[in-house]
Each structure stands twice: as C-alpha cells, then as structure tokens.
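Trainee: The structure follows.
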RNA sequence: GCCCGGGUGGCGGAAUUGGUAGACGCAGCAGACUCAAAAUCUGCCAUUCGCAAGGAUGUGCUGGUUCGAUUCCAGUCCCGGGCACCA
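Residue numbers (the numbering used here): 144 to 1094.
Set out below in structure tokens:
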C-alpha cells in the first residue's frame, strides 16, 4: 500500500467538514486560546505560495494548543470592502458585491485544499450588512463619546453636555477651545453653536480640514496611504484640499497607545514603528512678544505674540530669528507694509508647489522676511521674524525659534540669508555646521551661563513657567485619522445632515444598507458616488445623508471581536463571551499593517474598553510577523531592437534588455525554448544565441547548446511571472508536504525564497514515515512489540524538541527534528506502535492528513473513540510523559591544547543550581565522583572553574 | 541623516545562548539495484596541503575579555527594513 496522499487528503477534508470537526463552542469550562490570522482582502488574482505561510503557522499552533487541552478559537473571514473591487467595477460595470463573492469562492477553494482547521461557522465579511451594522454602531459610540482628560478615558457625550449645562467649559481640564465659556454663555448658544462645540469633543467628528486629495483616484487618502507625495496604490500625485471630513480623535489616545506597547509582545521593530508614528516629544511652548514699535503693527497683534514649540528651551539665548509656517495665521497681520509685496509673492510661490515638490526638494532653502521683530523674553533682544516652507503648519504651533548654532536647518537658513549667528556652545560650534549636542556648557546665555545643557532644559522651563511666558508641553507627530472616503464600496455613515448639523441614525435603523448603484463615478465636487443617488441621499424632511463611506480600516478595527459572537443580532459581541475569549493570544500577519490597522484596532479596543463594552484594552497579546516568501525570477536578454535573445553568460557582449519570463518555462536556469516560443505570439519566431555561442533559430534542430536564464530573488507576484500556485504544489505533493515544506523553508519571521525543487526532500520524508507502517511488498508492518530503550530515547528526545520548538514558533527546526526522528527509526527498523502512535499525534498539527489516516489505520486494530485532529486526545494522555532518563547527556570529553600541553576538556552536566555549583571545590576527587555517577541535566559551566584533566 | 534588524558552505538554514561550527534539506559527485528508466538505498561533500594517516585555516573585517568566542565588549565595513524639513 502506497502513500496515496490525494485520496487520503480528500477523504479527511471531507470527513472533517461533514462532522464539523473544527467548530468551536464558547464553552467557558475549558481554558481558552485565541489564534488569529489577519483576514485577507479577497483579491481577484488568487493565491500564490507566499500567502498561506502565516495561515499554516497559525494552524499548526492552533492544532497544537487543542492537543494541549485548550478550547481554541481559530476563525477566518474576509476584509471584503475595498478599492480594487470598486476600481474593477468602474472598468467593467460589474457590481463589487458580485466580484467579491466570486473572489471569496475562489479563495475558499484554494484554502480548503491545505487542510486548515478554521471554524468556518464563525466566518465574517466586512461588507455583509449583518457585520457592518455593528461597524456603524461602533462608529456611533465614537460619535457619542468624548475624551475626559482628567479621568483619562472616553465617556458618553451626554455627560459632557451635563457639565456644559451646569458650569460651561471653564472647569474642564485640557479643554479644546482656548477661551472656554461659562454656563450663561452656553445657555445663550443656539442649537447650531452647541452642535459645533460638541463636535469639537466627539471621538468621531466632522471638520473641514486639509486632506490628501488624489485627483486620479477621486478620493481622499489617509496619511499612511500616501508615500512620498504619491498614492500608495497606483502612485498618483496627491495634493492638499479643504473638505468636510470625518476624523477619529486618535490623538487623545496617543499616550495610552504608547504605554500599551509595554504590555504587548510585538517585535521591537514593530513597536519602534508605532512609536515613530506617534512621535512623542517633550519640550516647551514659549511665547515671544512682538516688537510694539514696528511700523504699521496694530496693538492687539503685539499683545498676542508668537507662540513656538521647542524641544530645546535651553538654547533660547541662541535664537537669532523666528520662522513661521507660510500658512500661519499671524503672517498677514505681522507683515510690515514695506514687506507686503515680497511676502505675497512668496506665499504665491509656496501655494504653487505641490506636496511632492516640497518633499523632494528638501535641500532647497527658501524663505522671506516679514519685516517684524519678536522680542526674546529673557534678554529683550530683537529677533527678525521670517516665513519659510521648512516650518510645517501642522506640527507644534506652526512657528519655531531658530537656533542656528545647534540646528542644521536653522544654520543653513541663517547662512543663506546672511543672518548673524550667536554661539552659545563655545568650542562645540565650529562655525561651519550646527552642532545639536546636549553635552555642551552654555555661554552667552544670561542666567543659564555655565550650566550643562541637560540641566538647563529643566531650568529654562521652570523659569518660563515662573514668569508665565511659557510652559512644559508634550507634542505628538500623529494627527487625527481621516475617516471618510469619497467612495462607494465601504460602510455608509449612519449620519444625516440638516441645516449644517449632523444627526446620528437611531440604533433601530441599523444597518444603514449600502444602496445598489449602476454607476461608480465620483459625485459632484469630490463627493462619493453615493451623492449621485439623489433619491437615497436626499430625505423627504429636507435632510441629506452623509455620502462618503468609511475607510478600509473600519471593519478590520474590530472584526476580531465579532468572531467571538458572530451570530448575535442584538449586540456586537456579548460581554460575557468577550470576557471569556478576551485578548487574541496569538496574532499572525505581515508587517505592512504596522502603523495602520494595528494602531486603529488598538484605539477602537481602548474606546470600547473605556465605555465598558469589553474588559480588556489591548486587542493582541502576542503578534508574530511572518516574512515574505520571495520568488526566484528568471530573465531572458533581448538584444535591443531585435527579436534575438542571448544566453546569460554572453549578455555582456551585447546591448540587451532583461525580460521577466514565466518560471514554469525554466528548468533550473535552462530555458525551454519551445515553451517560450509558444508563450506569446511575438516570440514565435524568436532567435537565440546559446551559452556555447551557437545560434538557434526556428526550425533548425540538432544543436547541443542550451539557453541559460538570468535569475534574481524578488517579491513574488503575478506580474513578475515568478508566482507559484499552491494548488499545483498540493496536487503534485499533497497538502501535508506543502505545509511542512513552507515551515521547513526557514524561520517564520524571515523572508526567504521559494524553491520548488527543495520540496522533494520533505515529500520523501513523509513517504519514509509511511513505510514505517506499510511496506511495499509486505503490507502492514507495524506491531505491538515492547520498545527498547534506544527507541524510547529517540521518541522522547523528539517529543521534547518538538514541544520546545512549537512553543517558540521555531517550526523549521521542528520539521528537521521529525526528519531526524524518522531517519533514526528507519535505522532501528522500529515499527512499534508504542513509538509510532505518539509520534503521529505529535505530528498531527504539522501534517494532519497523514497523521489522521495512519492513526485511523492503527487504531482500527487497537483503539477506538479518540480523535486526535479534533483535539479530543490530549497530548499528555496520548504519549508517555517525556522522561529525562531517555534524553540524558553524558559528560563530554574532548582534547584541547592549553599552553602547549594537551589536556582533556570535560564538560559535565550537573543537576545543581548555579549557587550550589559555585560552592563546590573542584578537586580530582569531586571530578572523579561526577564522572562515575554521570550526572545529567543542564550543562552548567562555572567560569574559571573548568575541569581540566591532564592526560 | 536618524532608528531598528542582520552578515555562518554552491543554496535555504542549524548550533542546547560561552563548550568538538556547519544539524536537517536542496543542489553536486561516486556507487548499489535495474536491460533501461523511475523509485529506493549507501558513501562523499567549508577551504586548503597530502596518495593516505594527518595538518593548517575558517562564522563580514580589526582588536579585546576568556583555558575556550558564531555567541560577550569596542571599533569598522556591507546588506535589508522603517522614519525623515517634526523644531
């Protein structure tokens, strides 16, 4: 009986499906474990072998945890709203819901062949009204909440309303509008004014703001969807545009998002990326008065002064000029009459420049003097005020104090415009470049003279606060997240606009379903396609629906909660259920979501926690980023302007263009010339210069040379023709081989190239395992003989290794350990159930089909009633508990040369603690004793007390 | 420029975290079985000198600590990723 993986895998996949083997109950009596994959966007192109890598790892871990006795939640679903489906609809007129449905079907077919243990009864789709009903509901919770800075948590907006009605905003800590208002003023406000004030506090709020507008895509993009001034998708130019938008007040959570990173197990680099994105900096806000006697300056402008943000208040005596962002509100009023024309010209120039130019021409120094002077609050020095585009309106206060001796940009600016530079750091400043050191001792710095800069920072802030001209201030680089898209294929907002005021839909009207449309063109004035459906958008009572839709990250910000309670019609997720499942214990996915999805979902979790809908405030306990599986691309070299191709070794003698070709036409590096000619009509008559210099033309045969292709490791993708389809691999080698090989390739977190040839090794291993049970000639060969000590040792070493490796996610070394184990059992000619049964159970998470089949075969003779793959067999119960005596190491002896003498270096394994060992006097008797007893356990070597025995 | 990772055979990668570097697999070479092929099995496989026994060198590079360093420390070079007029 041969290892017929096709039949075996088909049989068990069907069996698992029919028996609902992997459906999970919310059985609170068992310990839980939640293993989650980042759910996929169902694209039309289908899977390549890189996609399932993370799913295989999570599946192995889920199955392993099940065998360990946990109730494991391991769901899967689809992030099915998104741009590509809509783009496709624009081109073909196919409704996104139709293409999405088709893509999901293809996707599912491909996934099912790999033998995953997902509980499909819990499947979610973000585009399903029964799902986005709750996305809309959570949006309303955000809309109806504000962030209480004194309690440091979100609270219902009604409580804020009560505060306003009772005492206005004057007592509110960290209130948003500077001035604040009293109870009387609030009472005097009309409905619209109250609406606008409350809007300033809502966690989901609407506001006019500069947004990243992409003309080609006809939509607004989030900051992380814009890379170097062009759109992440398609690379189209992006400009700034003022529009009414929805935002999430994620900035209120900046500090908690930062602190939460300490509690979760993410990789250091991922935490670093999030910290970077949040961009917390500590410094001071300082108010500079404007010189009163400036020509044409009105009195009130002088009073207001210019507020700057700096992280280096210690350098305040080195301020030689001030710079305002061109968009700064004071620019117009500060400019003196004689500078008016120059400033206007400069503002015009800045406006003409796109974001892209501003970013790519960073080194170019531009600016313009306003003619006004500010006054250094400490020494009264008059400082010229400039405007320049290197200062950004959106960060800090939009104005800086420039210290050329310690900041390179300020230095460059000062040199360019010939502004004299004050040196406050003595010899640390060489006059040719700025020195941002914090180690200097201050000079020319008034009351800070002689102080080390590090101490001066605090001293300066204390003084500023004492004199009430500034205060300690923390700043974040992160901005509130744009939450509207002018698009069709997304969640509609449950909001109605009436007389400039927003009104939420009552909960009973949810879901607000996405209306069916025939056309997907953008609506008027940059509005979304929904604005075109006037009968939907305009309501009888005179109101108008919000016509933008929510962004892609809306549904993915909370989907992991819905898996817990997917069929609940009255709540997004029952509190008891979410208390049971709690955090995702293991989350597996790519790094590309480091600052998008992972940050937004953390924020939503914190909001839901604040409002007491769930009991934990970090969604993921541990995150593993799987690496990419790269493709090995192949190239042919076309001689420019011809239809002739030259072999890789000779390409340097010609002027050539490399051309990606399909890896399936290449055996190793050798091109299948006929396949290439059939590939595309234009190559039908292609001619070749082979590696040995021979020419090859259509119709001529008999040459011995071969065409050698060039090769390169790149990202795997259809367009590079280096994608390998998992369906083909599963067809040729089986799902178990595929699963194990993907793991065998290398560490899960690393990127590594795919090599189809290597899969043979893993496949051979599984066949070898099969032959431990079935001999080609003799048939059944397993038996119930008693195992020998040597065989037990092999088994137990493997058990220990596999458990350690699986817990550490070191799946590649685990697969190696299985191979070693089987090789050794073959050598020992061991066909004993006592050894093989535990091995199969141990292997079930990695290769579930073959394990289930062989266990079934053996069990039908010897056992019944257990099901390993479903997890009713607990690992400890299924195999003898790992016993140390079978894996003990003996003392290691090896010769070593010390100072010319040959000695024997002996490392002894001791079963003593570090402290105990250090008490032991290492004399010959002790050593003799140890060697005699062959102590074991962990190898402990005490520095300076090594045992050297002279031979 | 700043911040993270990482440099080990022809290739993917191991090494119990300071103890015989190169497990396991691929590729390669030689052989067995076979009329032949497939499948399977055996041996070799870091570099170098040597017929061999054996020797020398070897974990990017240069030093240091140590009886002993792929592992720890300092410096340096290269590769990958992230951020970037953020005051």
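Quick reminder that beta carbons are idealized off the backbone N, C-alpha and C, glycines included. Since the model is a prediction, treat every value here as computed from it, not as a measurement.
Run through DSSP, which three-state label would residue 261 get?
Mentor: If DSSP states are grouped into helix, strand and coil, residue 261 belongs with coil.
Trainee: Give me, in chain order, the residues of the same chain whose beta-carbon lies closer than 6 angstroms to that of residue 686; leave out the 5 immediate sequence neighbours on both sides.
Mentor: Excluding residues within five positions, the ones whose Cβ falls inside 6 angstroms are 639 and 641.
Trainee: Could you pull out every unbroken alpha helix (DSSP H) segment of at least 4 residues lying fully inside the region 312-351, listed in chain order?
Mentor: 326-331 and 334-342, all fully within the region 312-351.
Trainee: According to DSSP, is residue 644 helix, strand or coil?
Mentor: In the structure shown, residue 644 sits in a strand (DSSP, three-state: E or B).
Trainee: Does the Cβ-Cβ distance between residue 546 and residue 462 come in under 9 angstroms?
Mentor: Their beta carbons are under 9 angstroms apart, which means residue 546 touches residue 462 by this criterion.
Trainee: Given that a residue counts as buried once 16 or more other Cβ atoms are within 10 Å of its Cβ, and exposed if not, what is residue 769?
Mentor: Under this definition residue 769 is a buried residue.
Trainee: Does the region 712-727 come close enough to the region 217-233 to have 3 or more Cβ pairs within less than 8 angstroms?
Mentor: No, the region 712-727 does not touch the region 217-233.
Trainee: I need the boundaries of the beta strand (DSSP E) containing residue 857, first residue and last residue.
Mentor: Residues 853-858.
Trainee: Which two residues bound the contiguous alpha helix (DSSP H) that contains residue 777?
Mentor: Per DSSP, residue 777 belongs to no alpha helix (DSSP H); it is in the beta strand (DSSP E), 772-782.
Trainee: Give a yes or no on whether the C-beta atoms belonging to residue 181 and residue 740 are separated by under 9 angstroms.
Mentor: It is a contact, given that the beta carbons lie within the stated cut-off.
Trainee: Where does residue 1106 fall in DSSP's three states?
Mentor: Nothing about residue 1106 can be reported from this structure: the residues present for the chain run from 144 to 1094 only.
Trainee: Are the beta-carbon atoms belonging to residue 163 and residue 708 less than 9 angstroms from one another?
Mentor: Their beta carbons are not under 9 angstroms apart, which means residue 163 does not touch residue 708 by this criterion.
Trainee: Nearest to residue 239 by alpha carbon, out of 252, 253 and 224?
Mentor: Answer by Cα proximity: 224.
Trainee: Buried or exposed: residue 243, going by 16 or more other Cβ atoms within 10 Å of its Cβ?
Mentor: It is buried - the Cβ of residue 243 has at least 16 other Cβ atoms within 10 Å.
Trainee: If residue 631 sits next to residue 692, beta carbons under 8 angstroms apart, how far is it from one beta carbon to the other, in whole angstroms?
Mentor: Indeed, because the Cβ distance is near 7 angstroms, the residues count as touching under 8 angstroms.
Trainee: From this set, 819, 829, 825 and 834, which residue's C-alpha is nearest residue 793's C-alpha?
Mentor: Checking every option, the nearest Cα to that of residue 793 belongs to 834.
Trainee: Residue 603 lies in the alpha helix (DSSP H); which residues open and close that run?
Mentor: Note, residue 603: alpha helix (DSSP H), 596-609.
Trainee: Alpha carbon to alpha carbon, what distance is there between residue 690 and residue 664?
Mentor: Approximately 13 angstroms, taken between the alpha carbons.
Trainee: Would residue 916 pass as a contact of residue 968 if the rule is Cβ separation under 9 angstroms?
Mentor: For residue 916 and residue 968, no; Cβs fall outside 9 angstroms.
Trainee: Report the CB separation of residue 508 from residue 556 in whole angstroms; it is logged as a contact under 8 angstroms.
Mentor: Indeed, because the Cβ distance is near 6 angstroms, the residues count as touching under 8 angstroms.
Trainee: Would DSSP call residue 144 helix, strand or coil?
Mentor: Coil at residue 144, not helix or strand.
Trainee: Report the three-state DSSP secondary structure of residue 168 (helix, strand or coil).
Mentor: Reduced to three states, the DSSP call for residue 168 is coil.
Trainee: Residues in its own chain within less than 7 angstroms of residue 482 by CB, not counting five upstream and five downstream?
Mentor: So the list reads 512, 513 and 514, once near-sequence residues are dropped.
Trainee: At 4 residues or longer, what runs of the alpha helix (DSSP H) sit wholly inside the region 710-751?
Mentor: Within the region 710-751, the complete alpha helix (DSSP H) runs of at least 4 residues are 718-724.
Trainee: Just confirm the distance between the C-beta atoms of residue 756 and residue 726, as a whole number of angstroms; I'd bet it's less than 8 angstroms.
Mentor: About 15 angstroms separates the two Cβ atoms, so there is no contact after all.
Trainee: Give the secondary structure of residue 769 by DSSP, where H, G and I count as helix, E and B as strand, and everything else as coil.
Mentor: It is coil, neither helix nor strand.
Trainee: Identify every residue that forms a DSSP beta bridge with residue 625.
Mentor: Paired residues: 390.
Trainee: Would you give the residue range spanned by the alpha helix (DSSP H) that residue 395 belongs to?
Mentor: Per DSSP, residue 395 belongs to no alpha helix (DSSP H) and is neither H nor E.
Trainee: Under 9 angstroms, do residue 831 and residue 891 count as touching if we go by C-beta distance?
Mentor: No.
Trainee: Residue range of the beta strand (DSSP E) that residue 474 falls in?
Mentor: Counting along the chain, residue 474 falls outside any beta strand (DSSP E), though it belongs to the alpha helix (DSSP H) covering 474-477.
Trainee: In angstroms, rounded to a whole number, what distance separates the CA positions of residue 478 and residue 355?
Mentor: Each residue's alpha carbon lies about 30 angstroms from the other.
Trainee: For residue 208, count neighbouring Cβ atoms within 10 angstroms of its own Cβ and tell me buried if that reaches 16, exposed if not.
Mentor: Residue 208 should be labelled buried.
Trainee: Does DSSP put residue 453 in a helix, a strand or coil?
Mentor: Reduced to three states, the DSSP call for residue 453 is strand.
Trainee: Taking the DSSP output, what are the residues bridged to residue 526?
Mentor: DSSP lists 517 as partners of residue 526.
Trainee: What does the alpha-carbon distance come out to for the pair residue 717 and residue 705?
Mentor: Approximately 9 angstroms, taken between the alpha carbons.
Trainee: Take residue 1097 as the anchor and find which of 897, 732 and 823 has the nearest alpha-carbon.
Mentor: Here the chain comprises residues numbered 144 to 1094, so residue 1097 is not present and cannot be evaluated.
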